[in-house]
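Colleague: Residue numbers for the sequence shown follow this note's numbering, so the first one is 1 and each next one is one higher.
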Amino acid sequence: MTKLALAGAAGRMGKCVVRLAAEEAAIELVAALEASGHSAIGADSGEVAGIGRCGLPIGDRTDADFDVLVDFSTPAGTMQWLDFCLARRRAMVICPTGHDESQLAHVRQVSATIAVLKAANTSLAVNLMLRLVAEAAAGLGSEADIEIVEAHHRFKRDAPSGTALALLQALAEASGRDASRDAVYGRRGQTGERPRGQIGVHALRIGDTVGEHEVSFGLLGETLSIRHVARSRDTFARGALRAAAWLAGKPAGLYSMQDVLFE
Numbered sequence: 001m002t003k004l005a006l007a008g009a010a011g012r013m014g015k016c017v018v019r020l021a022a023e024e025a026a027i028e029l030v031a032a033l034e035a036s037g038h039s040a041i042g043a044d045s046g047e048v049a050g051i052g053r054c055g056l057p058i059g060d061r062t063d064a065d066f067d068v069l070v071d072f073s074t075p076a077g078t079m080q081w082l083d084f085c086l087a088r089r090r091a092m093v094i095c096p097t098g099h100d101e102s103q104l105a106h107v108r109q110v111s112a113t114i115a116v117l118k119a120a121n122t123s124l125a126v127n128l129m130l131r132l133v134a135e136a137a138a139g140l141g142s143e144a145d146i147e148i149v150e151a152h153h154r155f156k157r158d159a160p161s162g163t164a165l166a167l168l169q170a171l172a173e174a175s176g177r178d179a180s181r182d183a184v185y186g187r188r189g190q191t192g193e194r195p196r197g198q199i200g201v202h203a204l205r206i207g208d209t210v211g212e213h214e215v216s217f218g219l220l221g222e223t224l225s226i227r228h229v230a231r232s233r234d235t236f237a238r239g240a241l242r243a244a245a246w247l248a249g250k251p252a253g254l255y256s257m258q259d260v261l262f263e
């Protein structure tokens, strides 16, 4: 059985994880965590998640023995919980996106000592999509005009999404392009003819959209599109639980959801 700590337990994703962990015989939630001063501190995590009282209060620290901490907090929160896991020598699954370069550097540094899984998206199907678009980009090469469109709810704070950026990187590497040079984020005005090798990236923020990603490859006379639609946040929670169970007991290193699916 995997003993799980959860950061961001009172958030939209945290509530899903609490609810689904209660249904998993191989998962035991032993710590539900939030940032100091959060209004949910002291509340029963089951009641906050809508499944009824479970006897596990939400706290801003824990002495519980856990195998893996799943982080659904914020980029700043990730740094706090990463240092906590480092001090405890416990593994960590990082799910928030929007980390800056200094934060990502800290993740890489800590992964030399503990097992860290950094996931732009914990959906199993999205991570299969990453492989599919890479294969398509490698096959079509520079002949294809590539466009990425992502859509999320109005509350999402970063754009483009971490998943869109992961798709961009996968596409660039597979087709011999440079993500920093060839990506264009939206278009406006007299842009002129599309440059060869350009990859367009577009972000929509609309209503309560859970998450949609589409990659289109345009050729003369035909178009190939690969699309993923998440209809429920449970998709990401299930993937995070699978990642946590997989990461438990792994040696120090920086892992991804690709490792979970294909190792």
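All C-beta atoms, glycine included, are put in the ideal place defined by N, C-alpha and C.
Work out the CA separation of SER175 and VAL48 for me, nearest whole Å.
Modeller: When rounded, the distance between both Cα atoms is 46 angstroms.
Colleague: Whole angstroms are fine: how far does the CA of TYR255 sit from the CA of THR2?
Modeller: Approximately 18 angstroms, taken between the alpha carbons.
Colleague: Return the CA-CA distance between ALA245 and VAL210, expressed in angstroms with no decimal places.
Modeller: Between ALA245 and VAL210, the C-alpha separation is close to 24 angstroms.
Colleague: Using the three-state DSSP reduction, which class does ALA64 fall into: helix, strand or coil?
Modeller: Of the three classes helix, strand and coil, the one that applies to ALA64 here is coil, per DSSP.
Colleague: Here's the rule: buried if 16 or more other CB atoms are within 10 angstroms of the residue's CB, otherwise exposed. What is THR191?
Modeller: With fewer than 16 Cβ atoms within 10 Å of its Cβ, THR191 is classed as exposed.
Colleague: Under the assumption that PHE66 contacts ALA5 (Cβ atoms under 8 angstroms), give the Cβ distance between them as a whole number of angstroms.
Modeller: At roughly 4 angstroms, the Cβ-Cβ gap stays under 8 angstroms, so PHE66 and ALA5 are in contact.
Colleague: Would you list the one or two residues that DSSP bridges to THR163?
Modeller: Bridge partners of THR163: none, in fact.
Colleague: Can you give me the start and stop residues for the alpha helix (DSSP H) that HIS106 sits inside?
Modeller: HIS106 -> alpha helix (DSSP H) spans 101-110.
Colleague: Given this structure, state the Cα-to-Cα distance separating GLU135 from LEU167, to the nearest angstrom.
Modeller: Computed Cα separation, rounded: 12 angstroms.
Colleague: Between ARG61 and ARG233, how many whole angstroms is the CB-CB distance? I'm expecting something under 8 angstroms.
Modeller: So it is not a contact: roughly 26 angstroms between Cβ atoms.
Colleague: Three-state secondary structure (DSSP) at GLU263?
Modeller: Of the three classes helix, strand and coil, the one that applies to GLU263 here is coil, per DSSP.
Colleague: Excluding sequence positions up to five away, which residues of its chain have a Cβ less than 6 angstroms from the Cβ of ALA138?
Modeller: Excluding residues within five positions, the ones whose Cβ falls inside 6 angstroms are ALA174.
Colleague: Apart from the five residues on each side of it in sequence, which residues of its chain come closer than 7 angstroms, Cβ to Cβ, to ALA21?
Modeller: LEU4, ILE27, LEU29 and LEU241, listed in sequence order.
Colleague: For HIS202, which option in ASP208, PRO195, TYR185 and GLY218 has the closest C-alpha, if you only look at C-alpha atoms?
Modeller: It is TYR185.
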